[in-house]
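**Student:**
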Amino acid sequence: MKFKTALVFIMLYSISVSSQYYKIIYDFKWKTEKESKNYNSELTVLLKNDEISYFESLAKYKYDTLKTRLVQQGAVGFPSPKETWKLQTLISKDLKSQTTTSEENFFDKVYFTTYTCKPVWKILSEKSTFFNYNVQKAETHFGGRKWIAWFTNEVPINDGPYKFFDLPGLILKISDSEENFIFEIKGLTREKTNIEGRNAYTSKVNFTPRQWETFWTQYQKDPSMVFANLNSPNATFSYVYKGKNVDSKEAKDAYNKAEKEKIAVFKNPVELKICE
1 MKFKTALVFI
11 MLYSISVSSQ
21 YYKIIYDFKW
31 KTEKESKNYN
41 SELTVLLKND
51 EISYFESLAK
61 YKYDTLKTRL
71 VQQGAVGFPS
81 PKETWKLQTL
91 ISKDLKSQTT
101 TSEENFFDKV
111 YFTTYTCKPV
121 WKILSEKSTF
131 FNYNVQKAET
141 HFGGRKWIAW
151 FTNEVPINDG
161 PYKFFDLPGL
171 ILKISDSEEN
181 FIFEIKGLTR
191 EKTNIEGRNA
201 YTSKVNFTPR
211 QWETFWTQYQ
221 KDPSMVFANL
231 NSPNATFSYV
241 YKGKNVDSKE
251 AKDAYNKAEK
261 EKIAVFKNPV
271 ELKICE
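Read the sequence shown against the UniProt record's numbering and you will find it ends at 276, with the numbers running on by one and no gaps.
Below, the structure is given as structure tokens:
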């Protein structure tokens, strides 16, 4: 009887350890231009659901959870978001296959790009304390920049903000060597989250890293390129932007202005080199 009780305890413990759900808030600070003395700042969130994690703006996360809840309730459309966010990209990681996928929403489509590259770390002997955790220093070269990370093995997940993962513990703080970009933990809770319904009614496009680079180069010059061929002569409805037909100059000009303002926030990009 004691053996059976012990066995049940071990099984339950194994399930609780393997089913790891975390919600981690990071303050993300960045310089729009390398020479700038001032930082932009936005709260971001890392959602760790077993072997899959998601990283995005906290404001976008709130909207994605709302959309997921509405999908579960049978809604066929979504209200406009109440908040805006500067970090437009959602990054998901499959920690089992060691792949990273970036997700970008432009008008009526969501664009997915999957990467097989990952940071290669050099763990250093230097140790400290941060956010009431014991931390250790590590370095990597990723995306054309050198990065310095502080991680703790007291939180048993090998993940972190943005595309950073695969250290023996959670990354609490990471910045590039010139401190153009700084991610710093602000909160950690154990909770299960769900944003699976965020793209329920959006067309999906899959890119290779090279295809994405080509698309992104063109998009930065002319965002309204995504309006091309949306309206067909025999269609029963027309696509509009700000109340204007997307084929009109007014719609294209308005969209280009709005999107280029978003793009300009990251004039100094996080990654300088393509990572495949």
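Even for Gly, the Cβ is constructed at its ideal location relative to N, Cα and C. Here the structure is a predicted model, which is why all the values come from computation and not from measurement.
According to the Cβ coordinates, are W85 and S41 closer than 9 Å?
**Tutor:** No, they are not a contact pair.
**Student:** Spatial neighbours of A200 within its chain, please: CB distance less than 6 Å, with the 5 preceding and 5 following residues excluded, ordered by chain position.
**Tutor:** Answer for A200: V71, listed in chain order.
**Student:** Please determine if the region 73 to 85 and the region 171 to 180 are in contact, where contact requires at least 3 C-beta pairs separated by less than 8 Å.
**Tutor:** Verdict: no, contact absent.
**Student:** Count the other CB atoms, across all protein chains shown, that sit within 10 Å of the CB of K4; report buried if there are 16 or more and exposed otherwise.
**Tutor:** Reliability fails at K4, whose pLDDT of 40 lies under 50, so the model's placement of it is uncertain and the value that follows must be treated cautiously. Per the 10 Å Cβ criterion, exposed.
**Student:** If you follow the beta strand (DSSP E) that D27 is part of, which residue opens it and which one closes it?
**Tutor:** 21 to 30 is the span of the beta strand (DSSP E), which, as asked, contains D27.
**Student:** Please report how far the alpha carbon of M1 lies from the alpha carbon of Q20, in whole angstroms.
**Tutor:** Model confidence at M1 stands at a pLDDT of 47, short of 50, so the residue's coordinates are unreliable; what they give is reported in the following sentence. Each residue's alpha carbon lies about 30 Å from the other.
**Student:** Strictly by DSSP, which residues pair up with R145?
**Tutor:** In the DSSP output, where bridge partners are listed per residue, R145 has F142.
**Student:** Let's test the definition: count the other Cβ atoms within 10 Å of the Cβ of residue 358 and tell me whether it reaches 16, buried, or not, exposed.
**Tutor:** Within the shown structure, residues of the chain are numbered from 1 to 276, placing residue 358 beyond reach of any answer.
**Student:** What first and last residue would you give for the beta strand (DSSP E) that runs through V110?
**Tutor:** Run containing V110: 109 to 115, per the beta strand (DSSP E) assignment.
**Student:** Take the Cβ of I274 as the centre, count every other Cβ of all protein chains shown within 10 Å, and call the residue buried at 16 or more, exposed below.
**Tutor:** Exposed.
**Student:** Measuring only the C-alpha atoms, how far is N153 from I171?
**Tutor:** Approximately 9 Å, taken between the alpha carbons.
**Student:** On the premise that K163 lies in contact with W150, defined as a C-beta separation below 8 Å, what is that separation, rounded to the nearest angstrom?
**Tutor:** So it is not a contact: roughly 17 Å between Cβ atoms.
**Student:** Kindly list the residues whose CB is nearer than 7 Å to the CB of F130, restricted to its own chain and excluding five residues on each side of it in sequence; keep chain order.
**Tutor:** Answer for F130: W150, L172, K173, listed in chain order.
**Student:** Assuming I52 is part of the alpha helix (DSSP H), what are its boundary residues?
**Tutor:** Element bounds for I52: not the alpha helix (DSSP H) but the beta strand (DSSP E), 52 to 57.
**Student:** Between Y63 and the rest of its own chain, which residues show a CB-CB distance below 6 Å, the 5 nearest in sequence each way excluded?
**Tutor:** Counting only Cβ-Cβ distances below 6 Å, and skipping sequence neighbours, we find P81.
**Student:** Ignoring anything shorter than 3 residues, give me the beta strand (DSSP E) runs that lie fully in the region 150 to 207, in order along the chain.
**Tutor:** Counting only runs of 3 or more, we get 170 to 176, 181 to 189, 203 to 207.
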